[in-house]
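Trainee:
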Amino acid sequence: AAVEGFDIEDVEGAIEAAGHGPLPVLAVVGRPNVGKSTLVNRIIGRREAVVEDKPGVTRDRVTYEAEWAGRRFKVVDTGGWEQDVLGIDASVAAQAEYAIEASDAVVFVVDAKVGVTDTDEAVVRLLRKAGKPVVLCANKVDGPSGEADATALWSLGIGEPHPVSSLHGRGTGDMLDAVLEALPEAPAQSFGTAVGGPRRIALIGRPNVGKSSLLNKVANEERVVVNELAGTTRDPVDELIELGGITWKFVDTAGIRKRVHLQQGADYYASLRTAAAVEKAEVAVILIDASESISVQDQRIVTMAVEAGRAVVLAFNKWDTLDEERRYYLEREIETELAQVAWAPRVNVSARTGRHMEKLVPAIETAIAGWETRVPTGRLNAFLGELVAAHPHPVRGGKQPRILFGTQAGTKPPRFVLFASGFIEHGYRRFVERRLREEFGFEGTPIHISVRVRE
Ligand code: GDP
Ligand code: GDP
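Numbering (the UniProt record's numbering), first residue to last: 34 to 488.
Laid out in structure tokens, this is it:
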């Protein structure tokens, strides 16, 4: 059977592939120089030099998509490193803790040539406490002669050491098979399972934009219902806060409050923490200091939330300090620097005075509604038919590629698959996205559009 020249099974396959839910997350942890970045590069098939990931280099990306044996997942790379900030043990602990928290399974990398160190033992204790599935990678086993070194790592007491050479690829396939066994099909925080539970908000933004002030403001003026992990020895990570008559779960608030300990040179931790919080949330409230120029760091945080496919609200804080001139320039900056999220609802707030706090909840609700929007196939195709008739794709090489039909394959965020008779150019895809937004809303949400071309 066929639709417009597409095999029906291809159509179904494309819809299923495009409609995938959130991907499970794998964290790669271990002490510095054991080969974490080298391993991550191998898993994701990245050819870039590892040197770029060296100590002190500010990295904005820590989460990558990977695929093995037909299964897709995300990898959190903790190879970026600033060991002088806290001393090695505390650094490894902090880094591993964030990554483990945000993950569904962990690859623990040990340098088999060096053998077990105290720091490795410390990480093992963290792993035990977290209770996530762990795959032990005995790295730097470049040849058969290293196998004995790998065997020695049974002493860690966390199961079978997988001998691997991340540098040359030896053993990585077997290890990844073990990873797939450890990794659930869907993340534990799968949106589907959370139906009815409180919505999860990640309050993110670069240091000093006012995250902790805002959190204190909303938590103090409203009622802090309960600390999620009260009674355990750990700091509360997620807090339930009632706002506008609704209970919300603010994720990773301990990180916001703990900030003081990680003040100097903690850019890398900041991005790791942001990535972790975003992974756990449905909606990202991105706080921006309106009194200062919008920076590259602000943009990176925005990109992180968008790439993770989260609903997004932009909150411009410190509004109490703005004069007319700054307000003028801010508007220009928003147009140029934040064009990628022109669709995000925006609130201008002051954590100090409490200005417009009441606008936060409606903005969050709008973003979540956009994120969950589903367009019926009939309406979508009526819209596509009109669009293609009124604005055909430019003719290329004597041919005119056409969008034949489409469907929404998923939500959270909305994902579309369009079926076309030929290659659809980037500019035309952008145009289609713009028109989709005009027609159906999608305020506060990224949307994904994939195009399948008839053979
Ligand atoms: P990270 O700090 O844990 O991210 O470690 P890197 O990935 O930066 O690796 C540290 C050093 O170990 C680099 O010089 C790598 O080339 C080297 N390395 C990583 N994996 C292997 C391996 O499997 N075998 C050998 N011989 N060297 C490796
Ligand atoms: P965080 O690093 O994002 O958690 O930022 P903080 O909440 O620690 O705030 C950084 C600084 O900005 C502190 O000195 C706050 O008092 C100040 N601040 C936060 N919100 C506001 C605001 O709305 N107006 C003004 N004027 N200052 C603010």
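Every residue gets a Cβ at the ideal spot worked out from N, C-alpha and C, and that includes glycine.
Cα-Cα, which of P395, G342, I327, L213 is closest to E315?
Mentor: G342
Trainee: Can you give the beta carbon distance from A171 to D153, rounded, assuming they're within the 8 Å contact cut?
Mentor: Wrong, their Cβ atoms sit about 11 Å apart, outside the cutoff.
Trainee: With a threshold of 7 Å (Cβ to nearest heavy atom), would D175 be considered close to ligand 1?
Mentor: yes
Trainee: So, for L72: in the same chain, excluding its five sequence neighbours on each side, which residues have a beta-carbon less than 8 Å away from its beta-carbon?
Mentor: V61, V140, V142, C170, N172, V197, S199, T205
Trainee: Can you name, in chain order, every residue of its own chain whose Cβ lies under 7 Å from the Cβ of Q433, other than the five neighbours on each side?
Mentor: P425, H426
Trainee: When the Cα of A185 is compared with those of L413, K146, G431, I436, which residue comes out closest?
Mentor: Ranking the options by Cα distance to A185, first place goes to K146.
Trainee: Just to confirm, are V486 and A442 a CB contact at a threshold of 8 Å?
Mentor: no
Trainee: Given this structure, state the Cα-to-Cα distance separating E405 from P447, to the nearest angstrom.
Mentor: For the pair E405 and P447, the Cα-to-Cα distance works out to about 7 Å.
Trainee: Check for me: the beta strand (DSSP E) holding L451 runs from which residue to which?
Mentor: Per DSSP, L451 is one residue of the beta strand (DSSP E) stretching across 448-453.
Trainee: Secondary structure at W376, three-state DSSP: helix, strand or coil?
Mentor: coil
Trainee: Give the C-beta separation of A403 and A308 to the nearest angstrom, bearing in mind that I take them to be a contact with Cβ-Cβ under 8 Å.
Mentor: First, the amino acid is wrong: residue 403 is Gly here, not Ala. The Cβ separation is near 23 Å, so there is no contact.
Trainee: Tell me whether L200, by its Cβ, gets closer than 7 Å to a heavy atom of ligand 1.
Mentor: The answer is yes for L200.
Trainee: Quick one: what does DSSP say Q441 is sitting in, helix, strand or coil?
Mentor: strand
Trainee: Which residue's Cα is closest to the Cα of R385: I397, A51, T354?
Mentor: T354
Trainee: Using the beta carbon as the reference atom, which residues fall closer than 6 Å to any heavy atom of ligand 2, ordered along the chain?
Mentor: G238, P240, N241, V242, G243, K244, S245, S246, I289, R292, N350, K351, D353, T354, S383, A384, R385
Trainee: Check whether the Cβ of F452 lies closer than 8 Å to any Cβ atom in chain B.
Mentor: Among the protein chains of the structure shown there is no chain B, as only one such chain exists.
Trainee: What does the alpha-carbon distance come out to for the pair E37 and E214?
Mentor: 39 Å
Trainee: Let me confirm a value: Q373 is counted as buried when at least 16 other C-beta atoms fall within 10 Å, else exposed. Which label applies?
Mentor: Per the 10 Å Cβ criterion, exposed.
Trainee: By the 10 Å Cβ neighbour count, where 16 or more other Cβ atoms means buried, how is I279 classified, buried or exposed?
Mentor: exposed
Trainee: By DSSP, does D175 sit in helix, in strand, or in coil?
Mentor: The answer is coil: DSSP assigns D175 none of H, G, I, E or B.
Trainee: For G192 and V167, which I take to be in contact (beta-carbon distance under 8 Å), what is that distance rounded to the nearest angstrom?
Mentor: 7 Å
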